[in-house]
Amino acid sequence: MNLSFFVAVLFIIFPPISAITYTVTVGLGGNPQYNPVQLTAVPFDIVKFVFYTGNHSVTQSTFDSPCTPLQGGFDSGMIFVEGETNLLPSYHVHINDTNPIWIHSRQMGVCEQGRMVFAINIPGGLDIRSFTNFQGNARNNGSSTDRAFVASSSTSTSSSQILTPDPTPTFYGPTDHLIIVGADNQRTFSPSNIKAAVGDTVTFEFRPKNHSVIQSSYLNPCRPLEDTDGIIGLKPGFVPLPDGTTSFPQFQIIIVNTRPIWGYCGQVGHCEAGMLFAINALDSGEISFAGFVQRAMLLNGTASVTQYPYPQKTYANSTLINISRGLLHMSIGTSLLVVFLLGFL
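With mature numbering (1 follows the signal peptide of the UniProt record, and there is no 0) applied, the sequence shown corresponds to residues -19 to -1, 1 to 326, in that order.
Right under this line is the structure:
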């Protein structure tokens, strides 16, 4: 069979899927509300909830009991963000079908006011399950006491994971920048020097050996930012991977301002050998990526050699970090088709 004909047939049978990521703010400006309060999504789409000031959650419930967690449903847990801060935790809901998804915050009192409720894929037409009625149910039967779980009356297969985040504004499309850690068994970040706009994400993907990503400062390239400046920075720990590994762990950060972010690999000798990276460094001059690398080599800085376990989540100045093990950030669509084709070639 002609290969081009086979490919054409596959495109008809398995058309590429274009996934969309929607961003919803939680508590923006100190207001106990989701923004927007509802949206429509299709399978493979992702809804990212970004947490602002306050103590809120993203908890699945039901239309009839908006303020009671759904048994077996997803729940981010209570996520506290203190004051005006750049630490922006994020929670992702992956859409697997078009069934309605009802969501509330477990913070006492806010759901019962009908304020912190959210819905995905609200039925249209004359269906009684409107957002207004969902809010009304919250006001009528919400309880500020500890809530028991309610059993599911739906077969929705939507799933969620705490992953890495996008920014809060909903009026622009963020870009994800991929940085390979230890590509081709080299002591390098590839690329090592990038520009990222507010709202973009940066994904670090680990390759075999034993590397880490640690945020530092320009003045102290090979020392953790926490040790030199007292600021908790990127520090997800070492990720040992044997040769031949094909599923590569990743973690992702949100860019929430354009201040430079400096970092290095904490493995012994790697920083001094030039395994560093920068985000939004100046293009030239002393405070540039070239100057950062030169300073690391001249100082022969002492890199951290402590072996860290895999954390579930950690925070950084200017960014949020979340760990995801394996290929959790696979591109859906054409890449999926290519993988399918390779199985036949």
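The beta-carbon is built from N, C-alpha and C at its ideal position, and this holds for glycine as well.
Because the structure is a prediction, the values reported are computed rather than measured.
- Judged by DSSP secondary structure, T227 falls outside any alpha helix (DSSP H); it is assigned neither H nor E.
- If you ignore the 5 residues before and after P13, its C-beta comes within less than 6 Å of the C-beta of V91, R96, M97, all in its own chain and listed in chain order.
- The three-state secondary structure of V23, taken from DSSP, is coil.
- Taking C-beta atoms as the reference points, Q196 and L215 count as a pair closer than 7 Å.
- Between L69 and V194, the gap from beta carbon to beta carbon reaches 7 Å or more.
- Within the model, the alpha-carbon separation for L51 versus S198 is close to 44 Å.
- By the C-beta density criterion, S228 is exposed, having fewer than 16 other C-beta atoms within 10 angstroms.
- A direct Cα-Cα distance of roughly 15 Å separates A164 from Q248.
- Taking the CA atoms as reference points, S46 sits about 27 Å from F25.
- Take Q19, set aside five residues on each side of it, and the residues of its chain with a beta-carbon closer than 8 Å to its own are F99, A100, I101, I103, F112, in chain order.
- N122 sits in a helix when the DSSP states are folded into three classes.
- With contacts defined as CB atoms closer than 7 Å, A119 and C48 qualify as a contacting pair.
- Within 10 angstroms of the beta-carbon of E93 lie 16 or more other beta-carbons, which makes it buried.
- In this structure I60 touches F32 by the C-beta definition: roughly 5 Å separates them, less than 8 Å.
- Residue M278 holds the alpha-carbon nearest to the alpha-carbon of E253 among G266, M278, I235.
- Rounded to the nearest angstrom, the Cβ distance from H192 to C246 is 5 Å, consistent with a contact under 8 Å.
- The beta carbon of G225 sits closer than 7 Å to no other beta carbon from its chain once the five residues preceding and following it are set aside.
- For D210, there is no enclosing beta strand (DSSP E); the residue is found in the alpha helix (DSSP H) stretching over 206 to 210.
- According to DSSP, residue pairing for Q196 in a beta bridge involves G244.
- Each residue's CA atom was taken as its position, placing K176 and Q231 some 19 Å apart.
- Bridge pairing for K190: L222 [DSSP].
- Secondary structure note for A259: its beta strand (DSSP E) is the uninterrupted segment 257 to 260.
- DSSP places V162 inside the beta strand (DSSP E), whose first and last residues are 157 to 162.
- When the beta-carbon positions are compared, I109 and Q41 stay at least 7 Å from each other.
- Each residue's CA atom was taken as its position, placing Y3 and L280 some 44 Å apart.
- The stretch 78 to 126 is shown to contain whole alpha helix (DSSP H) runs of 4 or more residues at 112 to 122, in chain order.
- Apart from sequence neighbours up to five positions away, the residues of its chain that approach V220 with a beta-carbon distance below 6 Å are F187, P230, ordered along the chain.
- Taking a 10 Å sphere around the C-beta of N121, we find fewer than 16 other C-beta atoms and assign the residue as exposed.
- A distance of 7 Å or more separates the beta carbons of S86 and Y72.
- Excluding residues up to 5 positions away in sequence, A262, L263 lie with their Cβ nearer than 6 Å to the Cβ of S269 in the same chain.
- In this structure, P155 keeps its C-beta atom at 7 Å or more from the C-beta atom of T184.
- When only Cα atoms are considered, N174 and E63 end up about 31 Å apart.
- In the three-state DSSP reduction, F185 falls in the strand class (E or B).
- For Q41, the enclosing beta strand (DSSP E) starts and ends at 40 to 42.
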